[in-house]
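Some notes on the structure that comes next.
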């Protein structure tokens, strides 16, 4: 039950279950004591501005979670259960049930008023749900020509080559029986699978980019020394000496600085 801790005798060995005469002590956990004494507190629910929902409960809050899980992802399950509201789930739930009022549902659970930013976003998410129709148990049929076998399965014609069909598995079998070679793609909730090469599809395939051979490059490093002079007289003197020694340099009279390479500076010092 995970509500009672037991202590067994040190020589506890038995091939018979349940065993008798081996338990030396037991301890009832606090949660079971609360249940026995009918002192279980009601679950507490907090909804935070970051769209996380905290549920604290002495017992597993199955009823609350059954309402919240269709709207949120479970982040952590412990004594305090953490969920996070998701736009896609809220919009999908609202599309399935036109009478669903997500704000009222959350308010019925929450111990305090919902954050204003959450209210604003939920209103936008509900509006987004009105922009599309959610189809469950349907498939997308892609074809390049006439396919009479699919007519009675067709729910919506999106384009001449695309249709929304009922019972895609049954349609797949019908097409095989008719001598066609259909391809059934079972896409996951998080991403679409890539169709094999050679299949006819209007959807973009995963392109393989040819990796070009990297060209060898030679990196060169050049270190310069910048001399700063306190007076214009010293600057002029040093510049004149450099020019007389035919040392390549970069003169900056405004900043009273002269830039020379390390090699040129070493040659100048030898002089």
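Numbering (the numbering used here), first residue to last: 19 to 289.
Every residue gets a Cβ at the ideal spot worked out from N, C-alpha and C, and that includes glycine.
Own chain, CB closer than 8 Å to residue 249, minus 5 neighbours either side, in chain order: 274
Candidates 218, 232, 86: closest to residue 100 by CA position: 86
Sequence-distant residues of its chain with Cβ nearer than 7 Å to residue 269 (five each side left out): 257, 276
Whole-number beta carbon distance between residue 158 and residue 182, since they are thought to touch under 8 Å: 6 Å
Buried/exposed call for residue 260, threshold 16 Cβ in 10 Å: buried
Which listed residue (166, 160, 188) has its alpha carbon closest to that of residue 176: 160
Minimum C-alpha distance to residue 173 - residue among 124, 162, 164, 154: 154
Closest residue to residue 106 among 139, 74, 123 (Cα-Cα distance): 139
Residue range of the beta strand (DSSP E) that includes residue 173: 172–177
Residue interval of the alpha helix (DSSP H) (run including residue 253): 250–262
Sequence-distant residues of its chain with Cβ nearer than 6 Å to residue 247 (five each side left out): 253, 274
CB contact flag (residue 102, residue 108, <7 Å): no
Where residue 138 falls: helix, strand or coil (DSSP): helix
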